[in-house]
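Before any comments, here is the structure.
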Amino acid sequence: MTKTAHHYINGARAEAGPRSLAPLTSPVDNSPLGQVRVADAPTVDRTITSAREAFRSWSLVPVKDRVQVLYRFKTLVEKNLGALAQQVTAENGKTPAESAAGIQRGIEIVEYAASLPQLFAGDLLEVSAGVDCYTRRFPLGVVAGITPFNFPAMVPMWMFPMAIACGNSFILKPSEQVPFTPLLLADLLKEAGLPDGVFSVLQGDRETVEALLDHPGINAAAFVGSTAVAKTVYERGIASNKRMLTLGGAKNHLVVVPDADPLITARNVVSSAIGCAGQRCMAASVLIAVGDCDHIIEL
């Protein structure tokens, strides 16, 4: 039986949408992984309705209580690090060490989000006699995250810990190439005590992304991917008055000078260029040699 990458709606796996994508195979050994069901507009609408309903109560939970979920989630991720890394490798093709390192980076963001009670310390300014000004912060509502294939766990963990710690609901639309890792994260969030509907996963392709960006029930969205798509996503999101954060690609340069250590330089150049198979934002694609560096370049 073909394994299906379900959606995760209102705290449970859900198979919805009339269209499926081509079956996935592992880049490691071409073994079958399963099939992705595309979330169409009605499925997106149902998910957003659930997320908005959850937001009403979640946003009223004190921040010190919200972050307790993240503390428990962090513990569960660390406990299940091996299984998560194995799934990332199967879907993405990273080495096990690279998969584990990416998840560890995600854990660091969870730790940062868990410190939100300290970060949320308010500002109070006595601007005149008997006149005080103070800052109040309010959650936005429902936030969408659109993430790429190259870091199936880390990039979503850039987004949802801060979003839910701030009192928002979060809907993740992962790359259709890596649909199963986010479902494992959803299971761990539920086990950590996150209320149903606060975190959702919608599988799909461009149709799903456009439905999210066009929906008035989404208050903000974040995207990580190529520069061309980042521009398109940004323009579509702001057209419907959403707060947008889109991160595209980069052109990274390494500068080598004559007195650089040859072995350290060679190791760093190779690691930067082909680590994670070169599929990362900070992979260097240009090497600039300043002065007489032939002895390093030849190495």
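Just so you know, we're using the numbering used here here: the sequence shown kicks off at 8 and counts up by one. Where a beta carbon is used, it is the ideal one built from N, C-alpha and C, also for glycine.
- Can you tell me whether Gly-174 is buried or exposed, with buried defined as 16 or more other CB within 10 angstroms of its CB? Your numbering for residue 174 matches position 167 in the sequence shown. Result: buried.
- Item | Expected contact under 8 Å - CB spacing of Leu-381 and His-13 to nearest Å | The requested residue 381 does not occur in the structure, where the chain is confined to residues 8 to 306.
- Message: Counting beta carbon pairs with one atom in the segment 15–25 and one in the segment 194–209, are three or more of them shorter than 8 Å?
- Response: Contact holds: three or more Cβ-Cβ distances are below 8 Å.
- Could you tell me the boundaries of the alpha helix (DSSP H) in which Lys-71 lies? Start at 1 with the first residue of the sequence shown, and residue 71 comes out as number 64. 70–86 is the extent of the alpha helix (DSSP H) around Lys-71.
- For Phe-80, the nearest candidate out of Ser-176, Leu-196, Leu-40, Phe-158 (CA to CA): Walking along the sequence shown from the start, residue 80 turns up at place 73. Nearest of Ser-176, Leu-196, Leu-40, Phe-158 to Phe-80, Cα basis: Leu-196.
- Using the Cα positions of Ala-199 and Gly-255, report the straight-line distance between them to the nearest angstrom. On the sequence shown, position 192 is the one that residue 199 refers to. On the sequence shown, position 248 is the one that residue 255 refers to. Looking at the two C-alpha atoms, the distance is approximately 32 Å.
- Message: If you follow the alpha helix (DSSP H) that Pro-189 is in, where does it begin and where does it stop?
- Response: Here residue 189 refers to the residue found at position 182 of the sequence shown. Here the alpha helix (DSSP H) through Pro-189 covers 187–198.
- Query: CB-CB under 8 Å to Asp-221, same chain, minus the five flanking residues each way: which ones, in chain order?
  - Reply: What you label residue 221 is simply residue 214 of the sequence shown in a count that begins at 1. The answer, listed in chain order, is Arg-243, Ser-247.
- Message: If you follow the alpha helix (DSSP H) that Phe-62 is in, where does it begin and where does it stop?
- Response: Residue numbering aside, residue 62 sits at position 55 when the sequence shown is read from its first letter. It spans 48–65 - the alpha helix (DSSP H) in which Phe-62 sits, taken as one unbroken run.
- Message: Helix, strand or coil for Arg-26? Go by DSSP, reduced to three states.
- Response: As a working mapping, residue 26 is identified with position 19 in the sequence shown. Assignment of Arg-26 by DSSP, reduced to helix, strand and coil, places it in the coil class.
- Query: Taking DSSP as the reference, what is the three-state secondary structure of Ser-292?
  - Reply: Here residue 292 refers to the residue found at position 285 of the sequence shown. Correct three-state label for Ser-292: strand.
- Query: So which of Ile-304, Lys-249, Glu-133 has the shortest CA-CA distance to Val-264?
  - Reply: In the sequence shown, counting from the first residue as 1, residue 264 sits at position 257. Closest in C-alpha terms to Val-264, from the list Ile-304, Lys-249, Glu-133, comes Ile-304.
- In or out: Gly-137 buried (at least 16 other Cβ within 10 Å) or exposed? Position 130 of the sequence shown holds residue 137. The residue in question, Gly-137, is exposed, as its Cβ has fewer than 16 Cβ neighbours within 10 Å.
- Taking the alpha-carbon positions, what's the Ile-114 to Ala-193 distance? As a first step, residue 114 is located in the sequence shown; it is residue number 107 there, counting from the start. As a first step, residue 193 is located in the sequence shown; it is residue number 186 there, counting from the start. Ile-114 and Ala-193: Cα-Cα distance of roughly 15 Å.
- Item | Distance, Arg-112 Cα to Phe-230 Cα | Locating residue 230 in the sequence shown gives position 223, counting from the first residue. Locating residue 112 in the sequence shown gives position 105, counting from the first residue. Cα-Cα distance, rounded: 18 Å.
- Query: When the distance is taken between beta carbons, is Val-74 closer than 8 Å to Ala-46?
  - Reply: As a first step, residue 46 must be located in the sequence shown, where it is residue number 39. As a first step, residue 74 must be located in the sequence shown, where it is residue number 67. No, Cβ-Cβ distance for Ala-46 and Val-74 is not below 8 Å.
- Item | Simplified DSSP assignment, three categories, for Glu-115 | Here residue 115 refers to the residue found at position 108 of the sequence shown. Helix at Glu-115.
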